[in-house]
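Going down the list, the protein sequences come from chains A and B.
Under our numbering, the first residue of the first sequence carries the number 1, and numbering increases by one thereafter.
Under our numbering, the first residue of the second sequence carries the number 153, and numbering increases by one thereafter.
Where a beta carbon is used, it is the ideal one built from N, C-alpha and C, also for glycine.
Okay, so here's the structure we're looking at.
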Amino acid sequence: MKKWSYIIACVTTIIGGTFIYLSKDFPQKAGNAPGPGLWPGLLGAVLIGLSLILVISTLTTKKTSMMENMVLLTVPIKRVYKLMGITIAFTVILYFFGFVIATLLFIPAVMYLLEVRSLKYMVTTSLLVTTFIYVVFVLILNIPLPKPIFFR
Amino acid sequence: MENIILAFQNVVTIENVSLILFGTLVGIIVGALPGLSVNMGIALLFPITFAFQGMSGILMLIGIYCGAIYGGSVSAILLNTPGTPASAATTLDGYPMAIKNGEPGRALGISTFSSVFGGLFSAACLMIVSPLLAKVALQFSAPEYFALAIFGISIITSVSSKSIIKGMMGGIFGLLISTIGIDSMTSHLRFTFGSIYLMGGISFVPVLIGLFAFSQALLTVEDAYGEEAVKYNVKLDRVFPSIADLKRIFFTVLRSSFIGTFIGAVPGTGGDIASYISYNEAKRWSKHKNEFGKGAVEGVAAPEAGNNAVSGGAFVPMLTLGIPGDGATAIILGALMVQGIQPGPLLFTEHTSKVYAIFLGLFVANAIMGILGFSSIRLFVKVVNVPKKILIPIIFTLTFVGAFAINNSLIDVFVMVFFGIAGYFLIKFDFSMSAIVIGIILGPLAESNLRRALVMSSGNISIFFTRPISLFFICVSVLSLVAPIISAFIRERRLEVDNFKA
């Protein structure tokens, strides 16, 4: 079973095709220079060519690489998906409530996912890390951090 | 000489030396922690460079780069787990010397000495070789620059990925990403879909943090599943190598430093290749071959001198040609570009003092690395005990802070998360993150010079094949891409024949 290589080839063909399709409406010439569509169109074509080579090499190779046997629903990977969900939720909370509140919630959430169950440990780490980053970035380096939507 | 004095005045200030010290310290800690890479360390601290003017931020990144390569040896020696891939060869003799022979201090001392020697040697080579190479590169015109960019991308994609086709695909992804935004030659909008954010192109730093730090942190979460936290308590007796050890390893360290510098100068290679070749050569030339694998001093010294010597070597193509030698120098190149400095031959004529500041920064970073190594190694040994359950949320928080800090834009944070998640799957499917990043960096150089060259030749593509330097780079690019495919094909056929005979 070499499904992943075929899926990769399909996805890259779609990406290459999209760039060619979108580039066709760009001006072909700019004075006597090639227009802005030449390079992305060329790259799109090369990407499709590489997808074809990937399909051919997958068909002709007897050996199956480790990647082909990969399962994307194992318990450790499912934990990564949960973490991805937490990070997406964090970006949304960051937008509405700013860095301090979002980080105070984010760190314990990640620690809980990593099987930390001590509330004291989670709260202390969260407070220390948030304070440290705030002091270093905002107070020492003058680098602003996201503010709550009602303070913007 | 005037430039050296000027650079000395710029680099040797309290602020800059403190920043190099901070960078090197962070680098050693990042390197010592298994699961955190050199690239991750540099990517995470990249946004801090914006807080400093001139070369200060760049000098800090140089400190992280040097420190992280060295830091990898701490966990390689004490845990038999390389902190970075560059230290994988150090485990072969470092771990037996430290644990089986009960000499952790001796192993760490030899590693520190060899790392510092390798780093200083390569910095000296960089200082001698790069101005000469830059003089040659000054004669380049648009066709040569285009061929050079293609050479840089092809050679990196050919060695940085498990699959050469996917390496090339990664490079093309990077090049395509770099086309998004306003076309620099015609001001035409490309692939912006009416978005004001995309008009300026996809910001390089969030992509970098996403691909090098966020995705790596996701992989660390996956790898850490079910892992029990084990505390390592190692007592160090002495950390300075003895005179007898120094005498025994001197030529090994010198040879490995030369190998590391040379390998580092070839784009796409890196510390892992340099350390293994240095280790093999040390074994080949050693009078104590039977000690290798059991804690040979040369077996610790060679890979450490080799991998640290890569640092100076990797700066040679980056500074003289604008082609990054590896992922880490790609990030530093990006940092220079953000500061408005375009690496390449013109850098040596237009910003000479800045070039010499980088040279000097490498010397200072390696010297500080030695001082920290010998004075604080007991502290770094404790670093390997920091639990991942604390480390991982901190890394994620820093990726968000870093992505936001560049333009104070939450869109950059979303972009970083998107590329981080995409990067996680791409790594799982054997794509190379370095190839994508280098594609993004070299994209504008390749495109603008392709179009300029076609204007010069009135649209005739033979211009790339009739000019000797351009033809040379194109031939090497094709060779670098085709050679691994042919050699893999021959190997497979041979294996089939052998199996048939058996």
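| Rounded to whole angstroms, how far is the Cβ of A275/B from the Cβ of G464/B, which I believe are closer than 8 Å? | 5 Å
| task | Taking the CB atoms as reference points, tell me whether A99/B and T472/B lie closer together than 8 Å. | result | Past the edges of chain B, shown from 153 to 654, lies residue 99/B, and the structure says nothing about it.
| field | Cα-Cα separation, V536/B to A587/B | value | 30 Å
| message | Run through chain A and tell me which residues come within less than 9 Å of A203/B, C-beta to C-beta. | response | F137, I140, L141, N142 and I143
| DSSP beta-bridge partners for P34/A? | K29/A
| query | Hey, is the segment 36-51 of chain A in contact with the segment 80-99 of chain A, meaning 3+ C-beta pairs nearer than 8 Å? | reply | no
| field | Residues in the segment 89-118 of chain A having any Cβ partner in chain B nearer than 9 Å | value | F90, T91, L94, Y95, F99, A102, T103, F106, I107, P108, A109, V110, M111, L113, L114, E115 and V116
| Is E380/B buried or exposed, if buried means 16 or more other CB atoms sit within 10 Å of its CB? | exposed
| Given that Y349/B touches chain A, what residues does it touch there, using C-beta distances under 7 Å? | Ordered by position in chain A, no residue passes the 7 Å Cβ test against Y349/B, which lies about 15 Å from the chain.
| query | With distances taken from CA atoms, which of T413/B, L360/B, A294/B and L498/B is nearest N460/B? | reply | T413/B
| request: Please report the Cβ distance between G219/B and G270/B, rounded to the nearest whole angstrom; I am assuming they are in contact, meaning their Cβ atoms lie under 8 Å. | output: Rounded, the Cβ-Cβ distance is 13 Å, inconsistent with contact.
| request: Would you verify that the beta carbon of G35/A is, or is not, closer than 8 Å to some beta carbon of chain B? | output: yes
| message | Can you look up L498/B in the DSSP assignment and give me helix, strand or coil? | response | coil
| Counted within 10 angstroms of its Cβ, other Cβ atoms place N651/B as buried (16 or more) or exposed | exposed
| Do you know how far the Cα of V164/B is from the Cα of I157/B? | 10 Å
| field | Rounded separation between M521/B and L171/B - CA only | value | 13 Å
| query | Could you give the distance in angstroms between the alpha-carbon of L145/A and the alpha-carbon of T504/B? | reply | 36 Å
| Any Cβ of chain A within less than 8 Å of the Cβ of F343/B? | yes
| query | Where does L341/B sit, in a helix, a strand or coil, going by DSSP? | reply | strand
| field | With 16 other Cβ atoms within 10 Å as the buried cut-off, status of G31/A | value | exposed
| Per-residue contacts from T87/A into chain B (C-beta, under 7 Å) | F548 and V569
| chain B partners of F151/A, CB-CB under 9 Å? | Those within 9 Å of F151/A in chain B number zero; the least Cβ separation is about 14 Å.
| task | Compare the C-alpha of M278/B against each of L185/B, F402/B and L514/B and name the closest. | result | The sequence shown places Leu at residue 278/B, not Met. Ranking the options by Cα distance to L278/B, first place goes to L514/B.
| query | In three-state terms, what does DSSP make of A187/B? | reply | This sequence places Gly at residue 187/B; Ala is not what is there. Reduced to three states, the DSSP call for G187/B is coil.
| message | Since A487/B and G209/B should fall inside the 8 Å C-beta cutoff, what is the C-beta to C-beta distance between them, to a whole number of angstroms? | response | 7 Å
| Just how far apart, CA to CA, sit S555/B and L128/A? | For clarity, residue 555/B is Ala in the given sequence; the question names Ser instead. For A555/B and L128/A, the distance between alpha carbons rounds to 21 Å.
| message | Let me check understanding here. Comparing Cα to Cα, which of K252/B, P295/B, F198/B and Y222/B lies closest to G445/B? | response | K252/B
| said: Can you look up G422/B in the DSSP assignment and give me helix, strand or coil? | reply: coil
| said: Using a Cβ distance threshold of 8 Å, determine whether the segment 552-570 of chain B contacts the segment 353-364 of chain B, with at least three qualifying pairs required. | reply: yes
| task | For E379/B, return the contacting residues in chain A, with the cut-off set at a CB-CB distance below 8 Å. | result | Chain A residues near E379/B: none, gap ~10 Å exceeds 8 Å.
| Anyone know if the C-beta pair for V129/B and L231/B falls short of 8 Å? | Past the boundaries of the shown model lies residue 129/B; chain B is included only from 153 to 654, so the question cannot be answered.
| Going straight from the alpha carbon of I592/B to that of K540/B, what length do you get? | 32 Å
| said: Within 10 Å of its beta-carbon, does D335/B have 16 or more other beta-carbons around it, so buried, or fewer, so exposed? | reply: buried
| query | Which residues, in chain order, does the segment 45-71 of chain A contribute to contact with chain B at a C-beta distance below 7 Å? | reply | V46, L47, L50, I53, L54, S57, M67 and M70
| By the criterion of Cβ-Cβ separation under 9 Å, what are the contact partners of V386/B in chain A? | What V386/B touches in chain A: nothing, since even the nearest Cβ is about 25 Å away.
| In chain order, what residues of the same chain lie with their CB nearer than 7 Å to the CB of V628/B, ignoring the 5 residues before and after it? | F303
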